[in-house]
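Novice: Pasting a structure below so you can have a look.
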Amino acid sequence: METTPRTEKPWHGILVAAALPMRDDLSADFDAYAEHVRFLAAGGCHGLVPNGSLGEYQTLTYEERARVVETAVAAAADLPDAFSVVPGVAAYGALEARRWTEQAAEAGCPAVMLLPPNAYRADADSVTAHYREVAKVGLPIIAYNNPIDTKVDLTPALLARLHGEGLIVAVKEFTGDVRRAYEIAERAPGLDVICGSDDVVLELAVAGSPGWIAGVPNALPVECAALWEAATQGDLPTAMPAYRRLHPLLRWDSKTEFVQAIKLAMELAGRKAGPCRPPRAPLTAEQDLVVRQATAHAMRGDVALGDVAPLARSRQS
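The opening residue of the sequence shown carries number 226 in our numbering; numbering runs sequentially from there.
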């Protein structure tokens, strides 16, 4: 499948929050990662975000984290069509995040994705100072709003402040609250609201979101690209059945065990993923079964789904 036409901004379209394949000894498999980049492009995606949570960046050494970006950029450079590499540059403090942004710039990346301080319950002034420091590098910044994990909420008012200062060009919205897309658009016209939760992608696409930073396309890029294309074109008769078929798997992107679940879905779809590094423990037998059912249902649509409600504690609980 060829990628759909690239829009004018490298954070538009489907950017996959790329999983990092691991060997059984928990060493990173960079050859498999490069092949994964090519697989995602061939499946209809427009780019990827290395060194996000799905890429287990918190467990990587400095050398590994740098090599992830370098590997992605080199693999993308060999592709026939434009394919954006937009690294996550989250770090404990702004100075370290700035250093990762400088590395991204040196590697030739067109933009970066940045969490607010993620181990410190920062107030609005501290958050603004954080983004000011990283913005000094000169690369466009996609803010990442994940108050569930970071305990810092980039509210519509705070996003308007950051955008008004020219510090951010977009936000990956992970709250799952689709109402925010409309308030952000009112408070910060021109700020791109990127879908950050797989299980609200249809709603945000209909609301006008120009991009999706996605997890499940690691396993099923073709199916997700078809959904995105239909949803952004307003073709609901096509989008709705696809969304219903994919949704039991898409909702795993918002659960605590999302990395393990998506890596299992990749393996079931014939992709190399491997285990996760600690502290991520293997899925329970019940969770494993639910992911297998959801993946089979997403691929074929003819597999009965069990009661998933009690399983896999939501990250939002």
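Every residue, glycine too, gets a C-beta built ideally from N, C-alpha and C.
1. Quick one: residues in its chain with C-beta nearer than 7 Å to the C-beta of Asn371, no 5 flanking neighbours on either side, listed in chain order?
2. Identify whether Asn370 lies in helix, strand or coil by the three-state DSSP scheme.
3. To the nearest angstrom, how far is it from the Cα of Pro305 to the Cα of Pro246?
4. Measure the C-alpha to C-alpha separation of Glu411 and Asp350 and round it to an integer number of angstroms.
5. Would you identify the three-state DSSP class for Val426, choosing helix, strand or coil?
6. How about Ala464 and Ala432: do their beta carbons lie closer than 8 Å?
7. Residue range of the alpha helix (DSSP H) that Val352 falls in?
8. Roughly how many whole angstroms lie between the Cα atoms of Met226 and Ser434?
9. For Pro500 and Asp254, which I take to be in contact (beta-carbon distance under 8 Å), what is that distance rounded to the nearest angstrom?
10. Whole angstroms are fine: how far does the CA of Val298 sit from the CA of Ser479?
11. Do Arg517 and Val484 count as a contact pair if the criterion is CB distance below 8 Å?
12. Quick check on the DSSP output: the beta strand (DSSP E) that includes Val418 runs from which residue to which?
13. With burial defined as no fewer than 16 other Cβ atoms inside 10 Å of the residue's Cβ, what is the status of Val447: buried or exposed?
14. Give me, in chain order, the residues of the same chain whose beta-carbon lies closer than 8 Å to that of Leu452; leave out the 5 immediate sequence neighbours on both sides.
15. Can you pull the DSSP bridge partners for Ile487?
16. Looking at Asp325: is its Cβ nearer than 8 Å to the Cβ of Ala316?
17. Only counting the same chain, and skipping five residues up and downstream in sequence, which positions put a Cβ closer than 6 Å to that of Leu279?
18. Closest by CA to Asn276, which one among Val337, Ala382, Leu265, Leu508?
19. Going by C-alpha distance, which of Ile409, Asp374, Glu358, Ser252 is nearest Leu383?
20. What does a CB cutoff of less than 7 Å around Val362 pick up in its chain, not counting 5 residues either side in sequence?
21. Return the residue from the list Asp402, Lys376, Ala307, Arg346 that minimises the CA-CA distance to Pro335.
22. Near Val294, which residues of its chain fall below 8 Å by C-beta distance, leaving aside the five closest residues on each side in sequence?
23. On the premise that Leu429 lies in contact with His388, defined as a C-beta separation below 8 Å, what is that separation, rounded to the nearest angstrom?
24. Compare the C-alpha of Arg263 against each of Pro503, Ala300, Leu489, Val515 and name the closest.
25. Please return the same chain residues whose Cβ sits closer than 8 Å to the Cβ of Thr284, not counting the five positions on each side in sequence.
26. Buried or exposed, going by whether 16 or more other CB atoms sit within 10 Å of the CB of Pro342?
27. Which first and last residues belong to the beta strand (DSSP E) in which Leu339 is found?
28. Rounding to the nearest angstrom, what Cα-Cα distance links Asp402 and Ala494 in this structure?
Specialist: Reading off the structure:
1. Translated into the one-based positions of the sequence shown, residue 371 becomes position 146. Hits under 7 Å: Leu340, Phe399.
2. In the sequence shown, the residue the question calls residue 370 occupies position 145. Three-state DSSP puts Asn370 in a strand.
3. Within the sequence shown, numbered from 1, the residue matching residue 305 stands at position 80. Within the sequence shown, numbered from 1, the residue matching residue 246 stands at position 21. Pro305 and Pro246: Cα-Cα distance of roughly 24 Å.
4. Stepping through the sequence shown from its first residue, residue 411 is reached at position 186. Stepping through the sequence shown from its first residue, residue 350 is reached at position 125. When rounded, the distance between both Cα atoms is 22 Å.
5. Position 201 of the sequence shown, counted from the first residue, corresponds to residue 426. Helix, per DSSP.
6. As a first step, residue 464 is located in the sequence shown; it is residue number 239 there, counting from the start. As a first step, residue 432 is located in the sequence shown; it is residue number 207 there, counting from the start. No, they are not a contact pair.
7. On the sequence shown, position 127 is the one that residue 352 refers to. First-last of the alpha helix (DSSP H) with Val352: 349-360.
8. For the purposes of this step, residue 226 is taken as the residue at position 1 of the sequence shown. For the purposes of this step, residue 434 is taken as the residue at position 209 of the sequence shown. Confidence at Met226 is low in this model, with a pLDDT of 39, below 50, so its placement is unreliable and the value that follows should be read with caution. A direct Cα-Cα distance of roughly 23 Å separates Met226 from Ser434.
9. Numbered from 1 along the sequence shown, position 275 holds the residue referred to as residue 500. Numbered from 1 along the sequence shown, position 29 holds the residue referred to as residue 254. So it is not a contact: roughly 11 Å between Cβ atoms.
10. The residue labelled residue 479 in the question sits at position 254 within the sequence shown. The residue labelled residue 298 in the question sits at position 73 within the sequence shown. Rounded to whole angstroms, Ser479 to Val298 spans 28 Å at the Cα level.
11. The residue you call residue 484 lines up with position 259 of the sequence shown. The residue you call residue 517 lines up with position 292 of the sequence shown. Result no, Cβ atoms of Val484 and Arg517 do not sit closer than 8 Å.
12. Working through the sequence shown from its first residue, we reach residue 418 at position 193. Per DSSP, Val418 belongs to the beta strand (DSSP E) from 417-420.
13. Reading the sequence shown from its first residue, position 222 is the one you call residue 447. Classification for Val447: exposed.
14. Position 227 of the sequence shown holds residue 452. Same-chain partners within the cutoff: Val426, Leu427, Ala464, Ala467, Tyr468, Leu471.
15. The residue given as residue 487 occupies position 262 in the sequence shown. None; Ile487 has no bridge partner.
16. Indexing the sequence shown from 1 puts residue 325 at position 100. Indexing the sequence shown from 1 puts residue 316 at position 91. Residue identity check: residue 325 is Trp in the sequence provided, not Asp. Yes; because the gap between Cβ atoms is below 8 Å, this pair is in contact.
17. Looking up residue 279 in the sequence shown gives position 54. Taken in chain order, the residues that qualify are Ala242, Ala244, Gly440, Val484.
18. For the purposes of this step, residue 276 is identified with residue 51 of the sequence shown, where counting begins at 1. That would be Val337, whose Cα lies nearest to the Cα of Asn276.
19. What you label residue 383 is simply residue 158 of the sequence shown in a count that begins at 1. Taking only the C-alpha atoms, the option nearest Leu383 is Ile409.
20. Taking the first residue of the sequence shown as 1, we reach residue 362 at position 137. For Val362, where only same-chain residues beyond five positions count, the Cβ hits under 7 Å are Arg323, Thr326, Glu327, Ala330.
21. Indexing the sequence shown from 1 puts residue 335 at position 110. If we check each option's Cα against that of Pro335, Ala307 comes out closest.
22. Translated into positions along the sequence shown, residue 294 becomes position 69. Answer for Val294: Pro275, Asn276, Val310, Pro312, Gln328, Ala329, Ala332, Cys334, listed in chain order.
23. As a position in the sequence shown, residue 388 is number 163, starting the count at 1. As a position in the sequence shown, residue 429 is number 204, starting the count at 1. About 18 Å; that fails the 8 Å criterion.
24. Here the question's residue 263 lines up with position 38 in the sequence shown. The residue with the shortest Cα to Cα distance from Arg263 is Ala300.
25. What you label residue 284 is simply residue 59 of the sequence shown in a count that begins at 1. If we look at Thr284 and ignore the five residues flanking it on each side, its Cβ neighbours are Arg502, Pro503.
26. In the sequence shown, the residue the question calls residue 342 occupies position 117. Pro342 should be labelled buried.
27. Counting from 1 along the sequence shown, the entry for residue 339 is found at position 114. Note, Leu339: beta strand (DSSP E), 337-339.
28. Reading the sequence shown from its first residue, position 177 is the one you call residue 402. Reading the sequence shown from its first residue, position 269 is the one you call residue 494. Each residue's Cα considered, the two are about 30 Å apart.
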